[in-house]
Ligand SMILES: [Zn+2]
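Structure follows, in structure tokens:
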């Protein structure tokens, strides 16, 4: 038998034979018994609100390879450079 109850959590049974989390009847001695009733547990939970966990969203990250950016380097054309050198033409 699975130690996980109807609610999917590992649980123990209360004094009134219920899942300690959801109150689902656990009619088996397999479960560990806790010396409290489900109602008592609920009351305790009311007085002690659950700790609000920081909501961290873990997105499943697919391994995305970095995009290969190929920058076309502007090649100085030797012809233009030569022309620039010949700009100093006296008028
Ligand atoms: Zn349960």
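In the numbering used here, the protein residues as written are 1 to 91.
Don't be surprised by glycine CBs; every beta carbon is placed ideally from N, CA and C.
Just so we're clear, the structure is a prediction, and the values are computed from it rather than from any experiment.
Rounded to the nearest angstrom, how far is the Cβ of residue i from that of residue j, given a contact under 8 Å?
i          : j          : result
residue 33 : residue 12 : 6 Å
residue 20 : residue 47 : Not really, about 16 Å apart at Cβ, beyond 8 Å.
Less than 8 Å separating the Cβ of residue i from some heavy atom of ligand 1?
i          : result
residue 55 : no
residue 11 : yes
residue 42 : no
Name the one or two DSSP bridge partners that residue i has.
i          : result
residue 66 : Paired residues: none, contrary to the question.
residue 18 : 25
Following the continuous alpha helix (DSSP H) through residue i, name the residue where it begins and the one where it ends.
i          : result
residue 96 : The requested residue 96 is not part of the displayed model; the chain covers only 1 to 91.
residue 47 : 38-47
Are the CB atoms of residue j and residue i within a distance shorter than 9 Å?
i          : j          : result
residue 35 : residue 56 : no
residue 7  : residue 24 : yes
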